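K.L.:
Numbering (this note's numbering), first residue to last: 7 to 549.
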Ligand SMILES: [Ca+2]
């Protein structure tokens, strides 16, 4: 018997022994410390038994004197299907959220972990507890360390990805067969950054409502607050829910039937934009259901996006869509940014303090009080402060546009990702108030041009009418975009229409749409009603 034969006989035994050893001693890599490893029965949205490993990678002392490390958890399902998913998290990171491989449009059964994939989730290189003394500015406090900025932007993925793969091999006795990246919002940004920076890491990437130009979107936040403040210094009065309901009804009146069916969903948003003129809503004498000129001016300015005094656009235009009346739109655009009025302080941290401490270089001092954060946004100068997202210094050698965005974002090709056989699915709501879908459409159109009209060979993009940031609004926001990605990667089956339906726990879906099914069509095709049962997706074609 030769040596090769002996190896073949030995390998399966090694693999079998490794599978069961859910123990810290199983895992080892340079810079890695395992805090715990134990079997977990199905709990919450984790529907399968898994070995949950908690660890810390590459600790260091930052230039700000604070302690940094990549904290993470890796969940290894007992019944493993030989795949791996890297979960890109949202917001400012700083927390290790459960590694489920989830997305807002999926049901728990469809999460990567529950399909039998091993899933890793990290804090992005910093622990928010380290910054508790900074008050409301703590969530973005890591911006004072240059390396922590890079880790947040892309480097945590670069460092943790190979270690997670080693750990999978150490546990199961064999490497993962297919590797996926899954993320939405800031996580969607990271997913797109990964495709450009690390084109060989992932076979398939699922990108939800991505902030791939996040520093620019943060400038939009200051722009929005300044224009709303000009209407009313009590921001929640600047645009009331009644105002936004009026706007939404007007947009539907102009656009709902462009897709052949008046159903509360606008499947032809591109054509719709040409028919919307909010000046139509300005009050005339004796009129009731109307808006003041100042409110219309603010809405138009917000939808045109931030500009400097020379008229140069600093981010993007936006779509008018029915979901502008949603609670989610209101939460992000109008109410939540102002903790002084008793609203969610976390969003102020993400918006104002992130712009100050993470996205401007050098970082800008801002106190962690509600008033200081609001004042920072109100005084933000679009001529002198906005260029700081492109600035760098000796101590901060990367600008925020460099560490936050895909290197080829302005003129995307993702050629190396395509060459490696990578596939990507992107989805976003037409009513997204945080990241403009117009920016994503612009990006996709350029990508498509750069691939001679064949971007769909490796990137498929779905627009979701009425959907704001992630879920909610008058939308059919439950759809499975992960199954088609897996089928594309593992079986070579190109994604086509995806069926969407109402989410049972979304109170904003019109009653008439509770049983409706609609296809989401690969951009640039749109769903058009062909006649027949209005609840059936087969009554619609992708045109
Ligand atoms: Ca319609």
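Glycine included, every Cβ here is placed at the ideal spot set by N, Cα and C. These figures come from a predicted structure and were not determined experimentally.
1. Just checking residue 272 against ligand 2 - is the residue's beta carbon closer than 7 Å to any of the ligand's heavy atoms?
2. Let me know the secondary structure DSSP gives residue 181 once reduced to three states.
3. Ligand 1 heavy atoms versus the CB of residue 267: any closer than 7 Å?
4. Quick check on residue 45: does DSSP put it in helix, strand or coil?
5. Alpha carbons only, please: which of 234, 80, 86, 438 is nearest the one belonging to residue 127?
6. Measure the alpha-carbon distance for residue 366 versus residue 83 and round it to whole angstroms.
7. If you count every other CB in all the chains shown that lies within 10 Å of the CB of residue 399, and 16 or more means buried, which is it?
8. Cβ of residue 263 versus every heavy atom of ligand 1: is any distance shorter than 7 Å?
9. When we look at the beta-carbon of residue 260 and count the other beta-carbons within 10 Å, is it buried (16 or more) or exposed?
10. With a 10 Å radius around its C-beta and 16 neighbouring C-beta atoms as the bar for buried, classify residue 6 as buried or exposed.
11. Using only the alpha-carbon positions, how far apart do residue 278 and residue 233 sit?
12. Can you tell which of 321, 504, 429 has its C-alpha closest to the C-alpha of residue 497?
13. Quick check: the Cα distance between residue 159 and residue 286, rounded to an integer number of angstroms?
14. In the DSSP assignment, what are the bridge partners of residue 441?
15. Determine the contact status of residue 192 and residue 220, defining contact as a CB-CB distance below 8 Å.
16. For residue 242 and residue 143, I'd like the C-alpha separation in whole angstroms.
17. Taking the straight line between their C-alpha atoms, what separation do you get for residue 437 and residue 198?
18. DSSP puts residue 91 in a beta bridge; with which residues?
19. What whole-angstrom Cβ distance do residue 440 and residue 323 have, given they're in contact under 8 Å?
20. I'd like to confirm the pairing. Which residues does DSSP put opposite residue 566 in its beta bridges?
21. Classify residue 229: buried if its beta carbon has 16 or more other beta carbons within 10 angstroms, exposed otherwise.
22. Run through DSSP, which three-state label would residue 168 get?
23. Quick check on the DSSP output: the alpha helix (DSSP H) that includes residue 535 runs from which residue to which?
24. Can you say whether residue 10 is buried or exposed, counting buried as having 16 or more other CB atoms within 10 angstroms of its CB?
25. So, for residue 536: in the same chain, excluding its five sequence neighbours on each side, which residues have a beta-carbon less than 7 Å away from its beta-carbon?
26. Cα separation between residue 35 and residue 169?
27. Which parts of the segment 458–506 are runs of the alpha helix (DSSP H), unbroken and 4 residues or longer, counting only runs that do not cross its ends?
28. For residue 467, which option in 509, 530, 30, 506 has the closest C-alpha, if you only look at C-alpha atoms?
29. Taking just the CA atoms, how far does residue 105 sit from residue 528?
30. Pick helix, strand or coil for residue 238, following the three-state DSSP scheme.
31. Return the chain-ordered list of same chain residues with a C-beta closer than 6 Å to the C-beta of residue 358, the five sequence neighbours on each side being excluded.
32. Just the C-alpha distance for residue 51 and residue 103, rounded to the nearest angstrom, thanks.
33. List the whole-angstrom C-beta distance separating residue 118 from residue 163, where the pair is believed to meet the contact cut-off of C-beta under 8 Å.
34. Quick check on residue 132: buried or exposed, where buried means 16 or more other Cβ atoms within 10 Å of its Cβ?
35. Measuring CB to CB, does residue 330 end up less than 8 Å from residue 254?
36. By how many angstroms is the C-alpha of residue 363 removed from the C-alpha of residue 224?
P.N.:
Based on what the coordinates show:
1. Only ligand 1 can be found as ligands here, which leaves ligand 2 out of the picture.
2. DSSP places residue 181 in coil when its eight states are reduced to three.
3. Yes; taking the cut-off as 7 Å, the Cβ of residue 267 has a heavy atom of ligand 1 nearer than that.
4. Residue 45: strand per DSSP, three-state reduction.
5. Checking every option, the nearest Cα to that of residue 127 belongs to 80.
6. The alpha-carbon atoms of residue 366 and residue 83 are separated by roughly 41 Å.
7. Exposed, by the Cβ-count rule.
8. Here the distance from the Cβ of residue 263 to the nearest heavy atom of ligand 1 is below 7 Å.
9. Residue burial annotation: residue 260 is buried, with at least 16 other C-beta atoms found within 10 angstroms of its C-beta.
10. Not covered by the structure: residue 6. The range shown for the chain is 7 to 549.
11. Looking at the two C-alpha atoms, the distance is approximately 24 Å.
12. Checked all of 321, 504, 429; the closest Cα to residue 497 is 429.
13. Looking at the two C-alpha atoms, the distance is approximately 43 Å.
14. According to DSSP, which records beta bridges pairwise, residue 441 is partnered with nothing at all.
15. Their beta carbons are under 8 Å apart, which means residue 192 touches residue 220 by this criterion.
16. Their Cα atoms are separated by approximately 22 Å.
17. Between residue 437 and residue 198, the C-alpha separation is close to 21 Å.
18. Looking at the DSSP output, residue 91 shares a beta bridge with 125, 186.
19. Actually they do not touch by this definition, with Cβ atoms about 15 Å apart.
20. Because the chain spans 7 through 549 in this model, residue 566 falls outside it and cannot be assessed.
21. It is buried - the Cβ of residue 229 has at least 16 other Cβ atoms within 10 Å.
22. Looking at residue 168 - three-state DSSP - the assignment turns out to be helix.
23. Note, residue 535: premise wrong, no alpha helix (DSSP H); beta strand (DSSP E) at 533–535.
24. Confidence in residue 10 is poor, its pLDDT being 43 and thus under 50, which makes the residue's placement unreliable; the coordinate value appears in the next sentence. Burial call: exposed.
25. A distance below 7 Å between beta-carbons, with the five flanking residues on each side excluded, links residue 536 to the following residues of its chain, in chain order: 545, 546, 547.
26. C-alpha of residue 35 to C-alpha of residue 169: approximately 7 Å in a straight line.
27. As far as the segment 458–506 is concerned, its whole alpha helix (DSSP H) runs of at least 4 residues are 488–497.
28. Closest in alpha carbon position to residue 467, among 509, 530, 30, 506, is 530.
29. Answer to the nearest angstrom: the Cα atoms are 29 Å apart.
30. Three-state result, residue 238: coil.
31. Closer than 6 Å at the Cβ level, and outside the excluded window around residue 358, lie 379, 382, 383.
32. CA-CA distance, residue 51 to residue 103, rounds to 12 Å.
33. Not really, about 16 Å apart at Cβ, beyond 8 Å.
34. Its Cβ being crowded by 16 or more others within 10 Å, residue 132 is buried.
35. With respect to residue 254, residue 330 sits close: the two C-beta atoms are nearer than 8 Å.
36. Straight across, the Cα-Cα distance linking residue 224 with residue 363 is about 12 Å.
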